[in-house]
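Undergrad:
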Amino acid sequence: MDKLRALNYLVRVADTLSFSRAAKAFGVPASSISRRISDLEAELGVELLHRTTRTVRLTELGALYVEQVRAGMAQLHDAEELVGQRSSTPSGTLRISAMPSYGQLLLMPALQEFSERYPDILLDVHLSDSLVDLGRDQIDIAIRGGRQPQDRVVARRLDPNRFILAASPTYLQAMGTPRTLDDLTSHRALMYRGPNAVIKWQGLDEDGWRELPVTPAFISNDGASLIAMACRHRGLVLLSEWGLERHLRTGELVPVTLDQPVSVGRGVESGIYLLYLQTRYQIPKVRVAVEFLVQRLGAAAET
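UniProt numbering applies: residue 1 is where the sequence shown begins, and numbers increase by one.
Shown next, in the form of structure tokens:
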């Protein structure tokens with residue numbers, strides 16, 4: 001039995017929960033996928049999959065086995081790629097996942113410069129707010145906002161991700177400038193939709209953090225669209241400083257300072273982090289990309 005092939009088949013079935021989808025990915029009949037995994041189960045003496053006429057799912061032992069296999073196969077793939085690139089110019093496909101707004105405003109201009117410097121690296125960029133598993137999703141580098149991850153990934157902070165409340169001078173002239181958290185209830189809010197829900201505004205008063213009952217005037221998962229609406233005097237926007245910087249500099253938008261803090265989180269230290277697996281950092285294409293982006297996008301580079 002070709003055990004490595006069987007393991008590849010098993011991992012793909014575990015990810016898709018479908019023999020047919022796994023077969024399509026490998027370009028083989030579904031019966032071949034099923035037979036190889038059955039041979040693997042016979043060799044191990046355990047059942048890895050529960051099969052019915054309609055569904056397929058991992059057994060409890062199968063799930064544990066797949067996670068161990070996945071880690072081992074990822075290391076094997078990394079080792080092969082490392083050996084293949086050890087004496088050559090950094091090359092190959094580099095898969096990057098980033099938040100849409102950060103990707104469009106900051107990452108893509110940096111990647112244009114990176115691509116000119118390393119023309120043999122093919123960039124495959126996915127812009128999404130959804131969380132990624134760097135190993136499972138075959139992502140080399142991810143850029144995400146929030147608290148510093150505590151798991152097995154390396155996290156290098158690019159920006160403190162400080163949030164600023166802002167509006168156009170015309171809007172403030174017409175509606176008045178809010179000074180307190182309670183003043184916000186009479187204003188229109190331009191709100192960001194995260195991957196699971198609309199991101200609520202939070203205010204800090206003498207009783208602690210609380211959700212602010214603001215009235216949405218526009219909701220989007222695209223920060224550029226929220227900024228465009230703010231520039232057209234449609235309401236207040238609460239976004240990261242890096243996203244608002246250009247518009248604050250030109251005067252299209254002005255910061256609004258309240259007598260109490262307002263943010264999208266409850267005082268938890270936040271940041272924009274560049275994430276990668278330490279095992280993949282040894283691969284030239286990953287190493288040069290990590291160091292380039294940290295130097296190009298890191299907050300220290302702006303000072």
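From the three backbone atoms N, C-alpha and C, an ideal C-beta is built for every residue, glycine too. Since the structure is predicted, the reported quantities are computational estimates derived from the model, not experimental observations.
Please confirm whether residue 272 and residue 152 have their CB atoms less than 9 Å apart.
TA: For the purposes of this step, residue 272 is identified with residue 272 of the sequence shown, where counting begins at 1. For the purposes of this step, residue 152 is identified with residue 152 of the sequence shown, where counting begins at 1. In this structure, residue 152 does not lie closer than 9 Å to residue 272 by Cβ.
Undergrad: Taking its Cβ as the centre, do 16 or more other Cβ atoms sit within 10 Å of residue 222, making it buried, or is it exposed?
TA: One-based indexing of the sequence shown puts residue 222 at position 222. With fewer than 16 Cβ atoms within 10 Å of its Cβ, residue 222 is classed as exposed.
Undergrad: Under a three-way DSSP split, which group does residue 43 fall into?
TA: Counting from 1 along the sequence shown, the entry for residue 43 is found at position 43. Correct three-state label for residue 43: helix.
Undergrad: In whole angstroms, what separates the C-alpha of residue 287 from that of residue 107?
TA: The residue labelled residue 287 in the question sits at position 287 within the sequence shown. The residue labelled residue 107 in the question sits at position 107 within the sequence shown. Roughly 17 Å between the two C-alpha positions.
Undergrad: Grouping DSSP H, G and I as helix and E and B as strand, with all else coil, what is residue 211?
TA: Taking the first residue of the sequence shown as position 1, residue 211 is located at position 211. In this structure, residue 211 counts as strand in the three-state DSSP scheme.
Undergrad: Can you list, in chain order, the residues of its chain with a C-beta nearer than 6 Å to that of residue 303? Leave out the 5 residues immediately preceding and following it.
TA: On the sequence shown, position 303 is the one that residue 303 refers to. Low confidence applies to residue 303: its pLDDT is 41, below 50, so where it sits in the model is not reliable, and the reading given next is rough at best. So the list is empty, once near-sequence residues are dropped.
Undergrad: So, residue 160 versus residue 118, is the Cβ gap smaller than 9 Å?
TA: Taking the sequence shown and counting its residues from 1, one reaches residue 160 at position 160. Taking the sequence shown and counting its residues from 1, one reaches residue 118 at position 118. Result no, Cβ atoms of residue 160 and residue 118 do not sit closer than 9 Å.
Undergrad: In the DSSP assignment, find the unbroken beta strand (DSSP E) run with residue 159 in it and report its ends.
TA: Here residue 159 is taken as the residue at index 159 of the sequence shown, counted from 1. That run of the beta strand (DSSP E) goes 154-159.
Undergrad: Measuring alpha carbon to alpha carbon, tell me which residue in 180, 47, 115 and 104 is nearest residue 92.
TA: Counted from its first residue, the sequence shown places residue 92 at position 92. Cα-wise, what sits closest to residue 92 is 115.
Undergrad: For my contact list, residue 293 and residue 110 are in at a C-beta cut-off of 8 Å; report their separation, rounded to the angstrom.
TA: As a working mapping, residue 293 is identified with position 293 in the sequence shown. As a working mapping, residue 110 is identified with position 110 in the sequence shown. Their Cβ separation, rounded to whole angstroms, is 6 Å, which keeps residue 293 and residue 110 in contact under 8 Å.
Undergrad: Which term fits residue 144, buried or exposed, when burial requires 16 or more other beta carbons within 10 angstroms of its beta carbon?
TA: If you number the sequence shown from 1, residue 144 lands on position 144. Result: buried.
Undergrad: On the DSSP letters alone, give me the boundaries of the alpha helix (DSSP H) that residue 15 sits inside.
TA: As a working mapping, residue 15 is identified with position 15 in the sequence shown. Taken as a continuous stretch (DSSP letters only), the alpha helix (DSSP H) holding residue 15 covers 3-16.
Undergrad: At the level of alpha carbons, what is the spacing between residue 277 and residue 68?
TA: Taking the first residue of the sequence shown as position 1, residue 277 is located at position 277. Taking the first residue of the sequence shown as position 1, residue 68 is located at position 68. Each residue's Cα considered, the two are about 16 Å apart.
Undergrad: In whole angstroms, give me the CA-to-CA distance for residue 248 and residue 284.
TA: Walking along the sequence shown from the start, residue 248 turns up at place 248. Walking along the sequence shown from the start, residue 284 turns up at place 284. Approximately 39 Å, taken between the alpha carbons.
Undergrad: In whole angstroms, give me the CA-to-CA distance for residue 7 and residue 259.
TA: For this step, residue 7 is matched to residue 7 along the sequence shown. For this step, residue 259 is matched to residue 259 along the sequence shown. Taking the straight line from one Cα to the other gives about 60 Å.
Undergrad: Whose C-alpha, out of 270, 18 and 65, is nearest the C-alpha of residue 55?
TA: Looking up residue 55 in the sequence shown gives position 55. Nearest C-alpha to residue 55: 18.
Undergrad: Could you give the residue range of the beta strand (DSSP E) that holds residue 230?
TA: Taking the sequence shown and counting its residues from 1, the one referred to as residue 230 is at position 230. From DSSP, residue 230 is part of no beta strand (DSSP E) but of the alpha helix (DSSP H) over 223-231.
Undergrad: Can you check the segment 160-202 for any alpha helix (DSSP H) of at least 4 residues that lies completely inside it and give the ranges in chain order?
TA: DSSP runs (the alpha helix (DSSP H)) wholly in the segment 160-202: 169-175.
Undergrad: Residue 195 and residue 130 - do their beta-carbons sit closer together than 9 Å?
TA: Looking up residue 130 in the sequence shown gives position 130. Looking up residue 195 in the sequence shown gives position 195. The answer is yes: Cβ separation under 9 Å.
Undergrad: Figure out for me which residue from 137, 101 and 184 has the closest Cα to the Cα of residue 242.
TA: Counted from its first residue, the sequence shown places residue 242 at position 242. Of 137, 101 and 184, the residue nearest in Cα terms is 101.
Undergrad: Out of 28, 229, 207 and 261, which one is the CA nearest neighbour of residue 217?
TA: By 1-based counting over the sequence shown, the position of residue 217 is 217. Comparing Cα-Cα distances from residue 217 to each of 28, 229, 207 and 261, the minimum goes to 229.
Undergrad: Taking the alpha carbon of residue 233 as the point to measure from, which residue in 134, 175 and 41 has its own alpha carbon closest?
TA: To locate residue 233, count along the sequence shown from 1; it is residue 233. For residue 233, the nearest C-alpha among the options comes from 175.
Undergrad: What's the gap between the Cα of residue 105 and the Cα of residue 16?
TA: Counted from its first residue, the sequence shown places residue 105 at position 105. Counted from its first residue, the sequence shown places residue 16 at position 16. Approximately 34 Å between the Cα atoms of the pair.
Undergrad: Please report the distance separating the alpha-carbon of residue 300 from that of residue 164.
TA: The residue you call residue 300 lines up with position 300 of the sequence shown. The residue you call residue 164 lines up with position 164 of the sequence shown. In this predicted model, residue 300 has a pLDDT of only 43, less than 50, meaning its place in the structure is not dependable; the value taken from the coordinates is given anyway. Their backbone Cα atoms lie some 20 Å apart in a straight line.
Undergrad: Could you tell me the distance, in whole angstroms, from the CA atom of residue 231 to the CA atom of residue 185?
TA: As a position in the sequence shown, residue 231 is number 231, starting the count at 1. As a position in the sequence shown, residue 185 is number 185, starting the count at 1. For residue 231 and residue 185, the distance between alpha carbons rounds to 20 Å.
Undergrad: Per DSSP, residue 95 forms a beta bridge with which residues?
TA: Here residue 95 corresponds to residue number 95 of the sequence shown, with the count starting at 1. Beta-bridge pairing links residue 95 to 124.
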